[in-house]
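The block underneath contains the structure these notes are about, expressed in C-alpha coordinates.
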(Lines of atoms letter the chains of each structure in order from A; the text may use other names.)
(Lines give C-alpha, C1' and ligand atoms only; values in the text may rest on other atoms or scores of the structure.)
Protein backbone atom coordinates (compact mmCIF):
# COMPACT_ATOMS: atom_id res chain seq x y z
CA UNK A 242 0.00 0.00 0.00
CA UNK A 243 1.39 3.39 -0.99
CA UNK A 244 1.62 6.19 1.49
CA UNK A 245 -0.90 9.02 1.14
CA UNK A 246 0.22 11.79 -1.16
CA UNK A 247 -0.24 15.33 0.13
CA UNK A 248 0.30 18.67 -1.49
CA UNK A 249 -0.43 22.27 -0.60
CA UNK A 250 -2.68 24.58 -2.57
CA UNK A 251 -0.23 26.69 -4.45
CA UNK A 252 -2.46 29.67 -5.31
CA UNK A 253 -4.99 31.85 -3.51
CA UNK A 254 -8.63 31.51 -4.48
CA UNK A 255 -9.34 34.16 -7.10
CA UNK A 256 -12.19 34.72 -9.52
CA UNK A 257 -12.99 31.36 -11.10
CA UNK A 258 -12.04 31.29 -14.77
CA UNK A 259 -12.73 28.71 -17.43
CA UNK A 260 -10.26 25.82 -17.25
CA UNK A 261 -10.08 23.00 -19.74
CA UNK A 262 -8.39 19.72 -18.82
CA UNK A 263 -8.21 16.80 -21.19
CA UNK A 264 -6.81 13.68 -19.60
CA UNK A 265 -5.48 11.27 -22.19
CA UNK A 266 -5.12 7.60 -21.22
CA UNK A 267 -1.61 6.24 -20.96
CA UNK A 268 -2.35 3.83 -23.78
CA UNK A 269 -4.11 5.54 -26.66
CA UNK A 270 -7.01 3.77 -28.28
CA UNK A 271 -6.33 2.15 -31.61
CA UNK A 272 -6.86 4.22 -34.73
CA UNK A 273 -7.02 3.36 -38.37
CA UNK A 274 -3.74 3.52 -40.23
CA UNK A 275 -5.51 5.87 -42.67
CA UNK A 276 -5.76 8.42 -39.85
CA UNK A 277 -2.15 8.00 -38.71
CA UNK A 278 -0.24 7.95 -41.99
CA UNK A 279 -0.34 8.99 -45.61
CA UNK A 280 0.81 7.24 -48.77
CA UNK A 281 3.92 8.74 -50.33
CA UNK A 282 3.08 10.47 -53.59
CA UNK A 283 -0.55 11.14 -52.70
CA UNK A 284 -0.63 14.87 -52.01
CA UNK A 285 -2.26 18.09 -53.12
CA UNK A 286 -0.45 20.78 -55.09
CA UNK A 287 -0.73 24.53 -54.59
CA UNK A 288 -1.74 26.80 -57.46
CA UNK A 289 -1.46 30.57 -57.67
CA UNK A 290 -2.34 33.31 -60.12
CA UNK A 291 -2.90 37.04 -60.47
CA UNK A 292 -6.20 38.34 -61.83
CA UNK A 293 -8.65 41.21 -61.96
CA UNK A 294 -12.04 41.46 -60.29
CA UNK A 295 -14.34 43.75 -62.25
CA UNK A 296 -17.83 45.12 -61.67
CA UNK A 297 -17.19 46.60 -58.23
CA UNK A 298 -19.33 49.52 -57.07
CA UNK A 299 -16.56 52.04 -56.55
CA UNK A 300 -14.78 49.84 -53.99
CA UNK A 301 -11.86 48.81 -56.18
CA UNK A 302 -8.20 49.83 -56.15
CA UNK A 303 -7.23 53.47 -56.30
CA UNK A 304 -4.94 55.04 -58.88
CA UNK A 305 -1.89 54.33 -56.69
CA UNK A 306 -2.15 50.59 -57.41
CA UNK A 307 -0.13 50.71 -60.63
CA UNK A 308 -0.13 46.92 -61.03
CA UNK A 309 -3.92 47.03 -61.38
CA UNK A 310 -3.95 49.68 -64.09
CA UNK A 311 -1.09 47.94 -65.88
CA UNK A 312 -2.95 44.63 -65.81
CA UNK A 313 -6.09 46.37 -67.10
CA UNK A 314 -4.14 47.91 -69.97
CA UNK A 315 -2.59 44.55 -70.88
CA UNK A 316 -5.96 42.79 -70.76
CA UNK A 317 -7.62 45.39 -72.99
CA UNK A 318 -4.65 45.33 -75.38
CA UNK A 319 -5.04 41.54 -75.77
CA UNK A 320 -8.70 42.14 -76.62
CA UNK A 321 -7.80 44.62 -79.32
CA UNK A 322 -8.58 47.75 -77.32
CA UNK A 323 -5.68 50.19 -77.36
CA UNK A 324 -5.54 52.41 -74.27
CA UNK A 325 -3.00 54.51 -72.44
CA UNK A 326 -2.25 53.15 -68.97
CA UNK A 327 -2.01 56.67 -67.58
CA UNK A 328 -5.55 57.41 -68.72
CA UNK A 329 -7.07 54.53 -66.74
CA UNK A 330 -8.73 55.94 -63.64
CA UNK A 331 -11.40 53.50 -62.52
CA UNK A 332 -12.42 52.25 -59.09
CA UNK A 333 -14.57 49.32 -60.11
CA UNK A 334 -11.57 47.01 -60.67
CA UNK A 335 -9.34 45.32 -58.06
CA UNK A 336 -6.16 43.31 -58.47
CA UNK A 337 -6.32 40.02 -56.58
CA UNK A 338 -4.06 37.09 -55.79
CA UNK A 339 -5.77 33.78 -56.53
CA UNK A 340 -4.87 30.61 -54.63
CA UNK A 341 -6.17 27.08 -54.98
CA UNK A 342 -5.30 23.53 -53.99
CA UNK A 343 -5.15 20.85 -56.67
CA UNK A 344 -6.26 17.58 -55.02
CA UNK A 345 -4.59 14.26 -55.89
CA UNK A 346 -6.11 12.21 -58.71
CA UNK A 347 -8.15 15.17 -60.00
CA UNK A 348 -8.87 14.91 -63.73
CA UNK A 349 -9.02 17.39 -66.60
CA UNK A 350 -12.40 19.09 -66.75
CA UNK A 351 -13.16 18.80 -63.05
CA UNK A 352 -13.54 21.94 -60.97
CA UNK A 353 -11.91 23.16 -57.75
CA UNK A 354 -12.54 26.07 -55.37
CA UNK A 355 -10.44 29.21 -55.53
CA UNK A 356 -9.75 31.95 -52.97
CA UNK A 357 -9.22 35.59 -53.94
CA UNK A 358 -7.31 38.11 -51.81
CA UNK A 359 -7.06 41.80 -52.61
CA UNK A 360 -3.56 43.10 -53.36
CA UNK A 361 -4.26 46.82 -53.51
CA UNK A 362 -6.33 49.25 -51.46
CA UNK A 363 -9.73 47.96 -52.52
CA UNK A 364 -12.43 48.40 -49.88
CA UNK A 365 -14.51 45.41 -50.88
CA UNK A 366 -14.82 42.65 -53.48
CA UNK A 367 -18.59 42.50 -53.04
CA UNK A 368 -20.49 42.02 -56.29
CA UNK A 369 -17.35 41.55 -58.40
CA UNK A 370 -16.56 39.01 -61.09
CA UNK A 371 -13.15 37.47 -61.70
CA UNK A 372 -11.89 37.67 -65.26
CA UNK A 373 -10.46 34.44 -66.71
CA UNK A 374 -7.10 33.85 -65.02
CA UNK A 375 -4.58 31.01 -65.47
CA UNK A 376 -3.42 29.20 -62.31
CA UNK A 377 0.15 27.92 -62.21
CA UNK A 378 2.11 25.53 -59.99
CA UNK A 379 5.72 25.82 -58.87
CA UNK A 380 6.90 24.31 -62.15
CA UNK A 381 5.47 27.30 -64.03
CA UNK A 382 2.89 25.24 -65.92
CA UNK A 383 -0.81 26.13 -66.09
CA UNK A 384 -2.99 23.61 -64.26
CA UNK A 385 -6.28 25.47 -64.13
CA UNK A 386 -8.34 28.43 -65.36
CA UNK A 387 -10.36 30.47 -62.85
CA UNK A 388 -13.33 32.70 -63.54
CA UNK A 389 -16.69 33.56 -62.02
CA UNK A 390 -18.65 35.73 -59.57
CA UNK A 391 -17.01 36.35 -56.20
CA UNK A 392 -18.71 35.43 -52.94
CA UNK A 393 -17.42 37.18 -49.82
CA UNK A 394 -19.96 35.84 -47.31
CA UNK A 395 -20.54 39.32 -45.92
CA UNK A 396 -21.25 42.92 -46.85
CA UNK A 397 -20.14 46.51 -46.43
CA UNK A 398 -22.53 49.47 -46.38
CA UNK A 399 -21.42 53.12 -46.22
CA UNK A 400 -23.56 56.04 -45.13
CA UNK A 401 -23.61 59.60 -46.37
CA UNK A 402 -21.37 60.74 -43.51
CA UNK A 403 -18.69 58.10 -44.11
CA UNK A 404 -20.26 55.79 -41.54
CA UNK A 405 -19.68 52.13 -42.38
CA UNK A 406 -21.31 48.87 -41.39
CA UNK A 407 -19.33 45.76 -42.26
CA UNK A 408 -19.85 42.03 -41.76
CA UNK A 409 -17.00 39.55 -42.22
CA UNK A 410 -13.85 40.25 -44.23
CA UNK A 411 -14.81 41.94 -47.49
CA UNK A 412 -11.40 41.96 -49.24
CA UNK A 413 -11.14 38.15 -49.39
CA UNK A 414 -13.59 36.15 -51.47
CA UNK A 415 -14.31 32.63 -52.66
CA UNK A 416 -15.50 31.18 -55.94
CA UNK A 417 -16.88 27.67 -55.32
CA UNK A 418 -15.90 25.40 -58.23
CA UNK A 419 -14.42 28.53 -59.76
CA UNK A 420 -11.49 26.91 -61.58
CA UNK A 421 -11.46 24.22 -64.26
CA UNK A 422 -8.57 21.74 -64.20
CA UNK A 423 -6.56 21.93 -67.43
CA UNK A 424 -3.64 19.63 -66.54
CA UNK A 425 -3.33 16.50 -64.35
CA UNK A 426 -0.59 15.51 -61.96
CA UNK A 427 0.25 11.90 -62.87
CA UNK A 428 0.09 9.52 -59.89
CA UNK A 429 0.09 5.77 -60.48
CA UNK A 430 0.72 2.76 -58.26
CA UNK A 431 0.41 0.15 -60.99
CA UNK A 432 3.48 -2.06 -61.25
CA UNK A 433 5.16 -0.67 -58.12
CA UNK A 434 7.27 -3.10 -56.13
CA UNK A 435 7.02 -1.10 -52.88
CA UNK A 436 4.61 1.31 -51.25
CA UNK A 437 5.82 3.87 -48.73
CA UNK A 438 3.74 5.06 -45.77
CA UNK A 439 4.63 8.26 -43.90
CA UNK A 440 3.40 8.70 -40.32
CA UNK A 441 1.80 12.06 -39.59
CA UNK A 442 3.78 12.22 -36.33
CA UNK A 443 7.18 10.57 -36.17
CA UNK A 444 7.51 8.06 -33.32
CA UNK A 445 9.68 4.95 -33.09
CA UNK A 446 7.14 3.01 -31.02
CA UNK A 447 4.26 3.81 -33.37
CA UNK A 448 6.25 2.94 -36.49
CA UNK A 449 7.29 -0.39 -34.92
CA UNK A 450 3.66 -1.23 -34.10
CA UNK A 451 2.70 -0.32 -37.65
CA UNK A 452 5.29 -2.71 -39.10
CA UNK A 453 4.10 -5.53 -36.83
CA UNK A 454 0.45 -4.94 -37.74
CA UNK A 455 1.17 -4.93 -41.49
CA UNK A 456 3.33 -8.06 -41.36
CA UNK A 457 0.68 -9.79 -39.27
CA UNK A 458 -1.99 -8.89 -41.82
CA UNK A 459 0.12 -10.03 -44.79
CA UNK A 460 1.45 -13.12 -42.99
CA UNK A 461 5.06 -12.37 -43.82
CA UNK A 462 7.96 -9.94 -43.54
CA UNK A 463 6.76 -7.49 -46.15
CA UNK A 464 7.03 -4.27 -44.12
CA UNK A 465 10.06 -2.62 -42.59
CA UNK A 466 10.69 0.75 -40.99
CA UNK A 467 13.18 3.05 -42.72
CA UNK A 468 13.15 5.67 -39.95
CA UNK A 469 10.86 6.93 -37.20
CA UNK A 470 8.16 7.99 -39.66
CA UNK A 471 8.52 5.88 -42.83
CA UNK A 472 7.41 2.31 -43.51
CA UNK A 473 8.25 0.47 -46.72
CA UNK A 474 5.79 -2.24 -47.74
CA UNK A 475 6.83 -4.76 -50.38
CA UNK A 476 3.87 -5.58 -52.61
CA UNK A 477 3.03 -9.30 -52.19
CA UNK A 478 2.60 -11.37 -55.32
CA UNK A 479 -1.12 -11.81 -54.73
CA UNK A 480 -1.55 -8.02 -54.84
CA UNK A 481 0.51 -7.57 -58.00
CA UNK A 482 -1.33 -5.24 -60.42
CA UNK A 483 -3.87 -4.62 -57.66
CA UNK A 484 -1.92 -2.22 -55.46
CA UNK A 485 -4.93 0.03 -54.81
CA UNK A 486 -6.74 -2.87 -53.11
CA UNK A 487 -3.65 -3.45 -50.96
CA UNK A 488 -3.52 0.21 -49.89
CA UNK A 489 -7.22 0.19 -49.05
CA UNK A 490 -6.78 -2.92 -46.92
CA UNK A 491 -3.76 -1.48 -45.08
CA UNK A 492 -5.64 1.76 -44.33
CA UNK A 493 -8.21 -0.17 -42.28
CA UNK A 494 -5.61 -1.74 -39.95
CA UNK A 495 -5.99 -0.71 -36.30
CA UNK A 496 -2.82 0.79 -34.77
CA UNK A 497 -2.41 2.04 -31.20
CA UNK A 498 -0.27 5.18 -31.54
CA UNK A 499 2.19 6.10 -28.82
CA UNK A 500 2.93 9.67 -27.80
CA UNK A 501 5.49 11.33 -25.61
CA UNK A 502 4.30 12.88 -22.36
CA UNK A 503 3.41 16.47 -23.17
CA UNK A 504 1.80 19.47 -21.53
CA UNK A 505 0.35 22.08 -23.90
CA UNK A 506 -0.29 25.58 -22.57
CA UNK A 507 -2.08 28.42 -24.35
CA UNK A 508 -1.27 31.53 -22.34
CA UNK A 509 -3.67 33.72 -24.33
CA UNK A 510 -6.75 31.67 -23.46
CA UNK A 511 -5.52 29.98 -20.28
CA UNK A 512 -6.11 26.54 -21.78
CA UNK A 513 -4.02 23.64 -20.46
CA UNK A 514 -3.99 20.19 -22.06
CA UNK A 515 -2.34 17.36 -20.15
CA UNK A 516 -1.49 13.85 -21.25
CA UNK A 517 -2.54 11.13 -18.83
CA UNK A 518 1.02 9.72 -18.78
CA UNK A 519 2.56 12.95 -17.48
CA UNK A 520 4.42 12.41 -14.19
CA UNK A 521 6.33 14.60 -11.78
CA UNK A 522 9.44 13.67 -9.85
CA UNK A 523 10.12 14.26 -6.18
CA UNK A 524 9.57 17.88 -5.14
CA UNK A 525 8.26 20.13 -2.37
CA UNK A 526 5.75 22.96 -2.88
CA UNK A 527 4.73 25.73 -0.54
CA UNK A 528 2.26 28.61 -0.75
CA UNK A 529 -0.86 29.83 0.98
CA UNK A 530 -2.82 28.34 3.86
CA UNK A 531 -5.15 25.93 2.11
CA UNK A 532 -3.91 22.41 1.39
CA UNK A 533 -4.74 19.56 -0.94
CA UNK A 534 -4.47 15.96 0.21
CA UNK A 535 -4.42 13.40 -2.59
CA UNK A 536 -4.25 9.85 -1.30
CA UNK A 537 -4.27 6.68 -3.34
CA UNK A 538 -4.98 3.20 -2.03
CA UNK A 539 -4.16 0.20 -4.20
CA UNK A 540 -6.19 -2.98 -4.10
CA UNK A 541 -9.69 -4.23 -4.75
CA UNK A 542 -11.39 -4.92 -8.03
CA UNK A 543 -11.13 -1.32 -9.23
CA UNK A 544 -7.35 -1.12 -8.87
CA UNK A 545 -6.72 2.39 -7.51
CA UNK A 546 -9.13 4.52 -5.47
CA UNK A 547 -8.48 8.23 -5.12
CA UNK A 548 -9.54 10.46 -2.24
CA UNK A 549 -9.02 14.21 -2.53
CA UNK A 550 -9.41 16.30 0.63
CA UNK A 551 -9.13 20.01 1.18
CA UNK A 552 -8.34 21.68 4.47
CA UNK A 553 -6.25 24.23 6.34
CA UNK A 554 -2.98 23.39 8.02
CA UNK A 555 -0.23 25.37 9.67
CA UNK A 556 2.55 23.50 7.89
CA UNK A 557 3.24 24.95 4.45
CA UNK A 558 5.84 22.45 3.22
CA UNK A 559 4.57 19.40 1.33
CA UNK A 560 6.51 16.35 0.21
CA UNK A 561 5.42 14.54 -2.96
CA UNK A 562 6.89 11.13 -3.78
CA UNK A 563 8.27 10.57 -7.30
CA UNK A 564 5.96 9.25 -10.01
CA UNK A 565 2.90 11.19 -8.89
CA UNK A 566 0.45 11.95 -11.68
CA UNK A 567 0.43 15.62 -12.54
CA UNK A 568 -3.19 15.17 -13.56
CA UNK A 569 -4.09 14.38 -9.92
CA UNK A 570 -2.48 17.59 -8.75
CA UNK A 571 -4.15 19.73 -11.42
CA UNK A 572 -7.58 18.21 -10.80
CA UNK A 573 -7.27 18.98 -7.13
CA UNK A 574 -6.16 22.55 -7.82
CA UNK A 575 -9.04 22.99 -10.22
CA UNK A 576 -11.54 21.78 -7.61
CA UNK A 577 -10.37 24.61 -5.37
CA UNK A 578 -10.99 27.22 -8.04
CA UNK A 579 -7.46 27.54 -9.41
CA UNK A 580 -7.34 30.02 -12.26
CA UNK A 581 -5.78 28.94 -15.55
CA UNK A 582 -3.25 31.78 -15.47
CA UNK A 583 -1.94 30.70 -12.08
CA UNK A 584 -1.85 27.09 -13.18
CA UNK A 585 0.32 28.09 -16.14
CA UNK A 586 2.82 29.68 -13.74
CA UNK A 587 2.78 26.56 -11.54
CA UNK A 588 3.51 24.21 -14.43
CA UNK A 589 6.29 26.44 -15.71
CA UNK A 590 7.88 26.48 -12.26
CA UNK A 591 7.67 22.69 -11.95
CA UNK A 592 9.27 22.34 -15.40
CA UNK A 593 12.04 24.80 -14.46
CA UNK A 594 12.82 22.75 -11.35
CA UNK A 595 13.37 19.66 -13.50
CA UNK A 596 10.57 17.74 -11.77
CA UNK A 597 8.17 17.67 -14.74
CA UNK A 598 8.82 14.50 -16.70
CA UNK A 599 7.22 15.71 -19.91
CA UNK A 600 7.60 18.21 -22.72
CA UNK A 601 6.17 21.63 -21.89
CA UNK A 602 4.97 23.43 -25.01
CA UNK A 603 3.62 26.97 -24.88
CA UNK A 604 1.54 28.17 -27.84
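Residue numbers (the working numbering): 242 to 604.
For every residue, glycine included, the Cβ atom is placed at its ideal position computed from N, Cα and C.
It should be emphasised that the depicted structure is a prediction, and the values quoted were computed from it without experimental measurement.
Selected residue, minimal CA-CA separation from residue i, among the options
i           : options            : result
residue 363 : 332, 386, 376, 382 : 332
residue 366 : 604, 414, 347, 381 : 414
residue 381 : 286, 437, 323, 369 : 286
residue 410 : 328, 357, 508, 273 : 357
residue 602 : 284, 312, 507      : 507
residue 443 : 270, 600, 277      : 277
residue 291 : 283, 385, 284, 440 : 385
residue 491 : 592, 390, 306, 476 : 476
residue 608 : 502, 439, 465      : The structure shown has nothing for residue 608, since the chain only spans 242 to 604.
residue 394 : 501, 412, 378      : 412
residue 479 : 498, 489, 459, 465 : 459
residue 391 : 379, 378, 359, 377 : 359
residue 270 : 379, 498, 590      : 498
residue 465 : 482, 488, 435      : 435
residue 509 : 319, 378, 604      : 604
residue 500 : 593, 600, 319, 481 : 600
residue 351 : 489, 424, 305      : 424
Nearest-angstrom beta carbon gap, residue j and residue i [assumed within contact, 8 Å]
i           : j           : result
residue 433 : residue 484 : 6 Å
residue 584 : residue 504 : Not quite, the Cβ-Cβ distance comes to about 10 Å (not below 8 Å), so this is no contact.
residue 388 : residue 419 : 7 Å
residue 294 : residue 324 : Not really, about 19 Å apart at Cβ, beyond 8 Å.
residue 303 : residue 335 : Residue 303 to residue 335, Cβ: 10 Å. No contact.
residue 312 : residue 329 : Between residue 329 and residue 312 the Cβ distance is about 10 Å, and since that is not below 8 Å, they are no contact.
residue 511 : residue 502 : With a Cβ gap of about 21 Å, residue 511 and residue 502 do not count as contacting.
residue 309 : residue 326 : The Cβ separation is near 10 Å, so there is no contact.
Coil, strand or helix - residue i by DSSP
i           : result
residue 546 : Annotation note: pLDDT 48 at residue 546 (below 50); position unreliable, no value reported.
residue 682 : The structure shown has nothing for residue 682, since the chain only spans 242 to 604.
residue 450 : helix
residue 314 : helix
residue 330 : coil
residue 306 : coil
residue 589 : helix
residue 488 : helix
residue 478 : helix
residue 321 : coil
residue 455 : helix
residue 604 : coil
residue 213 : This structure does not reach residue 213, given that the chain is present from 242 up to 604, and the question cannot be answered.
residue 422 : strand
Beta-carbon proximity check, residue i vs residue j, cutoff 9 Å
i           : j           : result
residue 430 : residue 467 : no
residue 342 : residue 353 : yes
residue 422 : residue 372 : no
residue 598 : residue 513 : no
residue 474 : residue 463 : yes
residue 445 : residue 469 : yes
residue 383 : residue 339 : no
residue 281 : residue 471 : yes
residue 522 : residue 595 : yes
residue 296 : residue 369 : yes
residue 317 : residue 493 : no
residue 272 : residue 496 : yes
residue 428 : residue 345 : yes
residue 355 : residue 416 : yes
Per DSSP, cross-strand counterpart(s) of residue i
i           : result
residue 598 : 520
residue 286 : 343
residue 431 : Beta-bridge pairing links residue 431 to no other residue.
residue 273 : 495
residue 473 : 437, 465
residue 416 : 355
residue 292 : 337
residue 506 : 513, 603
residue 382 : Paired residues: none, contrary to the question.
residue 365 : In the DSSP output, where bridge partners are listed per residue, residue 365 has none listed.
residue 280 : 438
residue 387 : 374, 420
C-beta neighbour in chain D for residue i, strict 9 Å
i           : result
residue 434 : The chain labelled as chain D is not found in the depicted structure, where only one protein chain is given.
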